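Asker: Just so you know, we're using our numbering here: the sequence shown kicks off at 15 and counts up by one. Think of the CB as a built atom: it goes at the ideal place given N, C-alpha and C, for glycine as much as any other residue. Owing to the predicted nature of the structure, the values given are computational and were not obtained by experimental measurement.
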Amino acid sequence: MTLARLAALHGVATAYSPSAGVTVPVPDTTVVEVLAALDVDAATPEALRASLAATEAARDARLLPPTLVLWRDGPPEDAPRQGRPQEDAPRQGRPYELPRPLAALPPGTDVRITTEHGDEISGTPRWARLPLGVHRLQARARDGRTAHSTLVVAPARVPQPSGRGYGILVQLYSLLSTRSWGMGDLGDLRELADWAGRDLGAGFVQVNPLHAAVPGTPTDPSPYRPSSRRFPDPVHLRIEDVPEYAYVRGHLSAEERAELDALIGRAAELREGVLRKGELIDRDAVWVLKRQALELLWRVPLGPGRQAALRRFRAERGQALLDHATWCALVERYGADRRQWPEGLCDPRSAATARERDELADRVDFHCRLAWLTDEQLAATARAAREAGMAVGIVHDLAVGVHPDGADAWAQGDAFAAGMSVGAPPDAFNARGQDWGLPPWRPDALAASGYAPYRDLLRGLLRHAGALRIDHVMGLFRLWWVPEGREPTEGTYVRYDADAMLAILALEAHRAGAVVIGEDLGTVEPGVRESLQRRGVLGTSVLWFERDWEGTRRPLPPRTWRADCVATATTHDLPSTAARLTGEHVELRHRLGLLTRTLEEERAEDAEEVAEWLAYLRTLGLLEEGPRDEEAEIRAVYRFLRRTPARMAGVWLPDAVGDRRPQNLPGTWDQYPNWRLPIADAEGRPVTLEELAVSPRLHALMDVLRPAGPSMAPPDERGL
Numbered sequence: 015m016t017l018a019r020l021a022a023l024h025g026v027a028t029a030y031s032p033s034a035g036v037t038v039p040v041p042d043t044t045v046v047e048v049l050a051a052l053d054v055d056a057a058t059p060e061a062l063r064a065s066l067a068a069t070e071a072a073r074d075a076r077l078l079p080p081t082l083v084l085w086r087d088g089p090p091e092d093a094p095r096q097g098r099p100q101e102d103a104p105r106q107g108r109p110y111e112l113p114r115p116l117a118a119l120p121p122g123t124d125v126r127i128t129t130e131h132g133d134e135i136s137g138t139p140r141w142a143r144l145p146l147g148v149h150r151l152q153a154r155a156r157d158g159r160t161a162h163s164t165l166v167v168a169p170a171r172v173p174q175p176s177g178r179g180y181g182i183l184v185q186l187y188s189l190l191s192t193r194s195w196g197m198g199d200l201g202d203l204r205e206l207a208d209w210a211g212r213d214l215g216a217g218f219v220q221v222n223p224l225h226a227a228v229p230g231t232p233t234d235p236s237p238y239r240p241s242s243r244r245f246p247d248p249v250h251l252r253i254e255d256v257p258e259y260a261y262v263r264g265h266l267s268a269e270e271r272a273e274l275d276a277l278i279g280r281a282a283e284l285r286e287g288v289l290r291k292g293e294l295i296d297r298d299a300v301w302v303l304k305r306q307a308l309e310l311l312w313r314v315p316l317g318p319g320r321q322a323a324l325r326r327f328r329a330e331r332g333q334a335l336l337d338h339a340t341w342c343a344l345v346e347r348y349g350a351d352r353r354q355w356p357e358g359l360c361d362p363r364s365a366a367t368a369r370e371r372d373e374l375a376d377r378v379d380f381h382c383r384l385a386w387l388t389d390e391q392l393a394a395t396a397r398a399a400r401e402a403g404m405a406v407g408i409v410h411d412l413a414v415g416v417h418p419d420g421a422d423a424w425a426q427g428d429a430f431a432a433g434m435s436v437g438a439p440p441d442a443f444n445a446r447g448q449d450w451g452l453p454p455w456r457p458d459a460l461a462a463s464g465y466a467p468y469r470d471l472l473r474g475l476l477r478h479a480g481a482l483r484i485d486h487v488m489g490l491f492r493l494w495w496v497p498e499g500r501e502p503t504e505g506t507y508v509r510y511d512a513d514a515m516l517a518i519l520a521l522e523a524h525r526a527g528a529v530v531i532g533e534d535l536g537t538v539e540p541g542v543r544e545s546l547q548r549r550g551v552l553g554t555s556v557l558w559f560e561r562d563w564e565g566t567r568r569p570l571p572p573r574t575w576r577a578d579c580v581a582t583a584t585t586h587d588l589p590s591t592a593a594r595l596t597g598e599h600v601e602l603r604h605r606l607g608l609l610t611r612t613l614e615e616e617r618a619e620d621a622e623e624v625a626e627w628l629a630y631l632r633t634l635g636l637l638e639e640g641p642r643d644e645e646a647e648i649r650a651v652y653r654f655l656r657r658t659p660a661r662m663a664g665v666w667l668p669d670a671v672g673d674r675r676p677q678n679l680p681g682t683w684d685q686y687p688n689w690r691l692p693i694a695d696a697e698g699r700p701v702t703l704e705e706l707a708v709s710p711r712l713h714a715l716m717d718v719l720r721p722a723g724p725s726m727a728p729p730d731e732r733g734l
């Protein structure tokens with residue numbers, strides 16, 4: 015019981031419940047190793063007793079926790095509207111729910127607050143008049159105890175979409191145009207947003223994470239295992255849209271211009287290889303060409319205005335940008351494996367790193383400029399979406415973690431738990447559990463810093479986002495930690511301060527005027543969805559999973575779907591709608607040896623599920639009787655989504671042309687070309703953005719979602 019008590023005090027679970035009525039104990043060895051990653055020694059009985067005594071003594075002596083949350087709760091009409099940055103000034107009469115630690119302060123405690131703008135508040139704080147923000151609080155009790163805490167004053171809810179809308183879901187790399195350099199880029203995204211907003215009436219475009227990847231050959235193609243979540247990858251740049259590209263003739267030599275022309279020619283070969291020859295998207299090859307082109311453009315001098323813009327960007331991003339650029343320069347010189355670096359360079363604050371940064375000043379400047387150029391093109395894309403009339407705009411994606419050898423893990427090492435990896439426990443879909451190879455944030459380090467790494471991360475991502483999707487949003491509450499060298503089944507949950515995580519999220523989203531979407535698919539701890547809904551975070555609902563699981567197990571009627579969600583037919587990790595309707599996803603998994611039952615059994619169950627859904631769509635009047643018609647069935651699926659009260663409905667762009675292939679097939683690595691497939695039609699022929707824009711099949715599908723179409727009011731759903 016001593017170990018369980020110590021673990022509980024540090025938010026480490028000693029048991030978990032994979033399903034109702036089932037409790038699985040966590041091995042003691044796992045608990046001990048996880049505690050060690052939090053600098054708590056429980057390796058021996060003596061150490062365990064000492065750690066427990068020290069923890070309890072610190073808790074009893076503590077006047078206040080390191081971080082406090084004050085929610086600005088108010089009536090719904092006070093919630094900020096989506097689409098514009100919000101003012102942080104207080105409003106008279108806003109009620110507050112005072113945090114329990116503050117309410118429990120001993121009488122006579124002196125409290126002083128320094129706001130984030132430097133204003134001093136002393137005496138008895140008028141809590142209802144505090145501005146939104148992240149402030150410093152000092153308290154001194156009469157018995158001499160003191161506390162220095164971060165006080166987060168947050169709005170009650172994140173911004174909400176204005177009305178109901180629909181949009182497009184796409185993996186950007188898969189969206190090639192006739193101008194791409196072998197993979198989709200920010201120029202393509204801007205064109206997609208402009209066209210979809212103006213011609214299709216779409217309210218948003220949701221893309222995969224655009225985070226910076228770990229360099230190397232081959233690099234990890236997954237956008238969900240990045241080097242850095244704080245900065246986007248310059249591989250997404252449209253080279254021709256870099257302003258300095260227009261001035262190469264006056265500033266580059268004939269040889270340099272010829273070199274740039276040759277790179278453009280090789281880029282065309284990459285593009286044609288993917289679009290016409292059936293080759294896979296080769297991110298590494300694309301980056302080799304773009305990097306060489308950017309090196310040439312770096313030689314073009316910046317004008318005074320451009321220099322000022324770059325200086326402003328560097329000042330805004332501060333130490334985070336300097337660290338990121340330094341890491342990139344160090345990797346160029348010494349490789350991505352930090353274990354091979356010279357002594358001292360694994361510490362970003364060491365004298366050795368400072369000396370190396372000075373020696374590599376030109377390369378550090380180069381990588382700062384790449385981050386700036388990418389930020390500029392992200393801003394242009396967001397602006398194009400707004401000007402096209404999109405109510406939400408670009409929905410960016412936040413991956414659940416970062417690569418252990420990447421820039422963020424190097425620059426913020428103290429915030430990550432050494433020797434631990436994030437994953438998932440065993441469940442009905444994966445009996446062995448999952449290990450994602452991503453180091454988790456330490457909850458104690460986050461709290462002690464006032465959640466500074468988390469705040470900076472969100473602020474950077476929300477710079478040019480109309481909305482932010484958070485992958486595995488349950489990670490704001492707890493994460494499954496797997497000790498290095500152990501199987502995922504031997505992990506345990508570690509809890510985070512969800513109140514603080516949500517408060518920071520609400521504050522930064524409020525300031526950006528951005529909607530927040532949580533990917534809450536799969537097993538979700540009781541109370542999590544309710545907490546997210548209370549704070550205005552939209553969930554994610556996928557048609558095939560929406561059933562009455564505790565009752566009839568039949569499809570949920572559209573009117574019973576939750577309104578606070580993004581409703582979709584599929585995701586990047588699931589079969590396309592065409593593959594689902596035809597059963598081709600079962601055949602694919604059979605060819606790759608991924609089935610856990612016989613092919614006949616899998617086929618039969620899949621066919622039964624599809625037949626049930628098609629019959630239901632006919633019952634609702636969304637699909638006509640008669641011979642099967644794949645395009646009509648896909649349109650019926652999206653008509654169904656339109657009948658739900660979901661605030662946002664997303665069209666998986668490959669569905670619009672009948673693509674059969676998933677972008678990612680979980681459980682595979684080199685057996686399937688994950689994250690390397692262009693959007694293709696039903697025959698597997700890649701389809702360009704220009705071809706998508708004139709596709710009759712796409713327009714017929716999008717017409718289903720247009721407001722001018724059939725009424726969105728649900729019909730009589732008798733018989734359900």
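(1) Give the range of the alpha helix (DSSP H) segment to which GLY201 is assigned.
(2) Using 8 Å as the threshold, is the C-beta distance between ASP485 and GLU533 below it?
(3) Can you tell me whether DSSP reads GLN106 as helix, strand or coil?
(4) Could you spell out the range, first to last residue, of the alpha helix (DSSP H) harbouring ALA663?
(5) What does DSSP give as the partner residues of GLU645 in its beta bridges?
(6) On the CB-based measure, 16 or more other CB atoms within 10 Å of its CB, does HIS250 come out buried or exposed?
(7) Taking Cβ to Cβ, would you say VAL665 is nearer than 8 Å to LEU183?
(8) Do SER545 and ALA660 have their C-beta atoms closer together than 8 Å?
(9) Select from LEU719, VAL624, ARG477, PRO497 the residue whose C-alpha is nearest the C-alpha of GLU330.
(10) Is the CB-CB distance between VAL406 and GLY179 below 8 Å?
(11) Contact between the segment 469-483 and the segment 385-393 is defined here as three or more beta-carbon pairs at a separation below 8 Å; is this criterion met?
(12) Return the first residue and the last residue of the beta strand (DSSP E) that GLY532 is part of.
(13) Quick one, which of LEU557, PHE430, TRP355 has its alpha-carbon nearest ALA650's?
(14) What does DSSP give as the partner residues of ILE408 in its beta bridges?
(15) Hey, VAL314 and LEU266: beta-carbon distance below 8 Å or not?
(16) Out of SER590, TYR510, GLU623, LEU606, state which residue places its alpha-carbon closest to the alpha-carbon of ARG567.
(17) Given this structure, state the Cα-to-Cα distance separating GLY196 from VAL166, to the nearest angstrom.
(18) Can you look up PRO89 in the DSSP assignment and give me helix, strand or coil?
(19) Rounded C-beta distance between LEU82 and SER163? I'm assuming under 8 Å.
(20) ARG446 lies in the alpha helix (DSSP H); which residues open and close that run?
(21) In whole angstroms, give me the CA-to-CA distance for GLY499 and GLU370.
(22) Closer than 6 Å by C-beta to GLN152: which residues in its own chain qualify, once you throw out the five before and the five after it? Chain order, please.
(23) State the start and end residues of the unbroken alpha helix (DSSP H) segment that holds CYS382.
(24) For ALA334, count the other beta carbons within 10 Å of its own beta carbon; 16 or more makes it buried, fewer makes it exposed. Which is it?
(25) Going by DSSP, what residue range makes up the alpha helix (DSSP H) through TRP494?
(26) Taking C-beta to C-beta, are LEU763 and PRO692 nearer than 8 Å?
(27) Leaving aside the five residues before and after ARG492 along the sequence, list all residues of the same chain whose C-beta is less than 6 Å from its C-beta, in chain order.
(28) Could I get the ranges of all uninterrupted alpha helix (DSSP H) runs contained in the segment 30-73, with 4 residues as the minimum, in chain order?
(29) Run the CB neighbour count on ARG363, radius 10 Å, all protein chains shown included, and call it buried at 16 or more, exposed below.
(30) Helix or strand or just coil, what does DSSP make of TYR510?
(31) Taking ARG243 as the reference, give the member of THR129, LEU482, GLY287 with the closest Cα.
(32) If you drop the 5 nearest sequence neighbours on each side, which residues of the same chain put their C-beta closer than 8 Å to that of ALA432?
(33) Decide if GLY541 is buried, meaning its Cβ has at least 16 other Cβ atoms within 10 Å, or exposed.
(34) Taking the CB atoms as reference points, tell me whether THR395 and ARG657 lie closer together than 8 Å.
(35) Less than 7 Å between the CB of ARG657 and some heavy atom of the ligand NAD, yes or no?
(36) Helix, strand or coil: how does DSSP classify ALA431 here?
Answerer: From the atom records:
(1) Residue range 200-213 is occupied by the alpha helix (DSSP H) that includes GLY201.
(2) yes
(3) Low per-residue confidence applies at GLN106: pLDDT is 44, beneath 50, and the placement is therefore not dependable, though the value from the model is reported in the following sentence. In the structure shown, GLN106 adopts coil according to DSSP, grouped into three states.
(4) Where ALA663 is concerned, there is no enclosing alpha helix (DSSP H), although the beta strand (DSSP E) it sits in stretches over 662-666.
(5) GLU645 is not bridged to any residue.
(6) So HIS250 counts as buried.
(7) Against a cut-off of 8 Å, the Cβ pair of LEU183 and VAL665 comes out as a contact.
(8) no
(9) ARG477
(10) Taking 8 Å as the Cβ cut-off, VAL406 and GLY179 qualify as a contacting pair.
(11) yes
(12) 529-532
(13) LEU557
(14) VAL219
(15) yes
(16) GLU623
(17) 45 Å
(18) With a pLDDT of 39 at PRO89, under the threshold of 50, the predicted position of this residue should be treated as unreliable, though the coordinate-derived value follows. Correct three-state label for PRO89: coil.
(19) Taking the Cβ atoms as the reference, LEU82 lies roughly 5 Å from SER163, within the contact range of under 8 Å.
(20) Element bounds for ARG446: n/a, residue is neither H nor E.
(21) 34 Å
(22) ARG126, HIS162
(23) 375-401 is the span of the alpha helix (DSSP H), which, as asked, contains CYS382.
(24) buried
(25) Note, TRP494: premise wrong, no alpha helix (DSSP H); beta strand (DSSP E) at 492-497.
(26) Beyond the ends of the chain as shown, which are 15 and 734, falls residue 763; an answer cannot be given.
(27) Around ARG492: TYR507, ARG509.
(28) 42-51
(29) exposed
(30) Coil at TYR510, not helix or strand.
(31) LEU482
(32) Around ALA432: ALA51, PRO453.
(33) exposed
(34) no
(35) Ligands displayed in this structure: none; no statement on the ligand NAD is therefore possible.
(36) Of the three classes helix, strand and coil, the one that applies to ALA431 here is coil, per DSSP.
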